[in-house]
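So in full-length UniProt numbering, spot 235 of the sequence shown is number 235, and the numbers just go up one at a time.
To keep things clear, I will list the structure first and then write my remarks on it.
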Amino acid sequence: MTALMMKTPETTMQEWKTVFPDFMTLEGSCTFIKKLVAVSLSAITYIRGIFPEDAYGERSLYGLRLKILTEDSGLKSVSKFINLIRGCYDAVEKKYLQQLSVGEVIEAYNLVFSYKNDECSLTCQDKTNTFSPKLTDPTVQATLMMLKHVTDISKILKKLPKNAFLSVKLLYYDDVTPDDYEPPGFEPSTQVKFSFPRDTLNIKLGKIDTEAHGYKFLLKTTMHKQIMPQNDSEEPISLNALDENAYAKETIHDDVF
Numbered sequence: 001m002t003a004l005m006m007k008t009p010e011t012t013m014q015e016w017k018t019v020f021p022d023f024m025t026l027e028g029s030c031t032f033i034k035k036l037v038a039v040s041l042s043a044i045t046y047i048r049g050i051f052p053e054d055a056y057g058e059r060s061l062y063g064l065r066l067k068i069l070t071e072d073s074g075l076k077s078v079s080k081f082i083n084l085i086r087g088c089y090d091a092v093e094k095k096y097l098q099q100l101s102v103g104e105v106i107e108a109y110n111l112v113f114s115y116k117n118d119e120c121s122l123t124c125q126d127k128t129n130t131f132s133p134k135l136t137d138p139t140v141q142a143t144l145m146m147l148k149h150v151t152d153i154s155k156i157l158k159k160l161p162k163n164a165f166l167s168v169k170l171l172y173y174d175d176v177t178p179d180d181y182e183p184p185g186f187e188p189s190t191q192v193k194f195s196f197p198r199d200t201l202n203i204k205l206g207k208i209d210t211e212a213h214g215y216k217f218l219l220k221t222t223m224h225k226q227i228m229p230q231n232d233s234e235e236p237i238s239l240n241a242l243d244e245n246a247y248a249k250e251t252i253h254d255d256v257f
């Protein structure tokens, strides 16, 4: 992903429709959330150098070059990761999934899901109508801001060690999830969350809502640069709260596992 460049609202929304689906119906909202997962994790794995360059396709949106994981590369590690994430979609559709965490004990990206019960509040659209979101739509604005924040984290993170590894953990809503439920590709675990060895920095990358779903994207890392402000609370801070001038002159490296 690259630096932000200004585009007209019309161009931005034309690009939006090539990446994200209708989110104004119940089915569309679920598909939109699943697409957010794919775009979010593709961006993070690209920025942190988890997979090689040829594992990604490219889309343009809001002046950003979005790197999207694709199976076209034929890499087994990429296909395995994509299939794991597809397995998570089953838990989203059933409204079981509370949190999806990707990372390890030095850095984790937490995707937090919520489900709204009042399905009657959803817009009922005629199937012949065309979904036409506007740049001023709160869901669109929140999504674009999240993608911008994901781009910005490359400025504040250190390189990951070469021996770092990737794992995926799921946390469910226990009151609705069957005791024996596991989505495709997953198995039960006694350790539901990552245990970090020392103080961490907690950053809120984005919060997005549709009529039917809520989605939060959080980063917990020990790999931040020393210029980052200390945060003694577990409450995540926003990138907007950081002093951009403090890290503007820092060198941005290509982070590699």
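All residues carry an ideal CB built from backbone N, CA and C; glycine is no exception.
DSSP state of residue i, grouped into three classes?
{"i": "G63", "result": "coil"}
{"i": "D90", "result": "helix"}
{"i": "V102", "result": "strand"}
{"i": "F23", "result": "coil"}
{"i": "T128", "result": "Caution applies to T128, whose pLDDT of 43 falls short of 50 and renders its modelled position unreliable; the value that the coordinates give is listed next. T128: coil per DSSP, three-state reduction."}
{"i": "I207", "result": "In the sequence as presented, Ile is not what sits at residue 207; that position holds Lys. Correct three-state label for K207: strand."}
{"i": "I50", "result": "coil"}
{"i": "G57", "result": "strand"}
{"i": "N83", "result": "helix"}
{"i": "T143", "result": "helix"}
{"i": "A38", "result": "helix"}
{"i": "G28", "result": "helix"}
{"i": "K134", "result": "coil"}
{"i": "K220", "result": "strand"}
{"i": "A246", "result": "Any reading at A246 needs caution, since the residue's pLDDT is 40, under 50, leaving its predicted position unreliable; the model's value is listed next. Helix, per DSSP."}
{"i": "A212", "result": "coil"}
{"i": "T11", "result": "helix"}
{"i": "W16", "result": "helix"}
Please report the Cβ distance between residue i and residue j, rounded to the nearest whole angstrom; I am assuming they are in contact, meaning their Cβ atoms lie under 8 angstroms.
{"i": "A55", "j": "L75", "result": "6 angstroms"}
{"i": "E93", "j": "I82", "result": "Going by Cβ atoms, the distance from E93 to I82 rounds to 17 angstroms, so no, they are not a contact pair."}
By a C-beta neighbour count over all protein chains shown, 10 Å radius and 16 as the cutoff for buried, is residue i buried or exposed?
{"i": "E53", "result": "exposed"}
{"i": "K95", "result": "buried"}
{"i": "residue 304", "result": "The chain is shown only over 1 to 257; residue 304 falls outside these bounds and no answer can be derived."}
{"i": "V176", "result": "exposed"}
{"i": "G28", "result": "buried"}
{"i": "P9", "result": "exposed"}
{"i": "T25", "result": "buried"}
{"i": "Q14", "result": "exposed"}
So, are the CB atoms of residue i and residue j less than 8 angstroms apart?
{"i": "L36", "j": "I208", "result": "yes"}
{"i": "E44", "j": "Y89", "result": "In the sequence under discussion, the amino acid at residue 44 is Ile, which differs from the Glu named in the question. No, these two residues do not count as a Cβ contact at 8 angstroms."}
{"i": "Q98", "j": "Y172", "result": "yes"}
{"i": "K225", "j": "I156", "result": "yes"}
{"i": "V102", "j": "L147", "result": "no"}
{"i": "L201", "j": "H149", "result": "no"}
{"i": "F217", "j": "L61", "result": "no"}
{"i": "T210", "j": "T139", "result": "yes"}
{"i": "E104", "j": "F186", "result": "no"}
{"i": "T143", "j": "L64", "result": "no"}
{"i": "P183", "j": "G87", "result": "yes"}
{"i": "P21", "j": "T31", "result": "yes"}
{"i": "W16", "j": "P178", "result": "no"}
{"i": "F51", "j": "S77", "result": "yes"}
{"i": "V19", "j": "R59", "result": "yes"}
{"i": "K80", "j": "H213", "result": "no"}
{"i": "L69", "j": "L170", "result": "no"}
Please tell me whether, using a cut-off of 7 angstroms, the distance from the CB of residue i to the nearest non-hydrogen atom of the ligand NAD is below it.
{"i": "T190", "result": "What this structure holds is no ligand at all, so the ligand NAD is not there to describe."}
- Let me know the beta strand (DSSP E) ranges lying completely inside the segment 155–201, each 3 residues or longer, listed in chain order. 167–172
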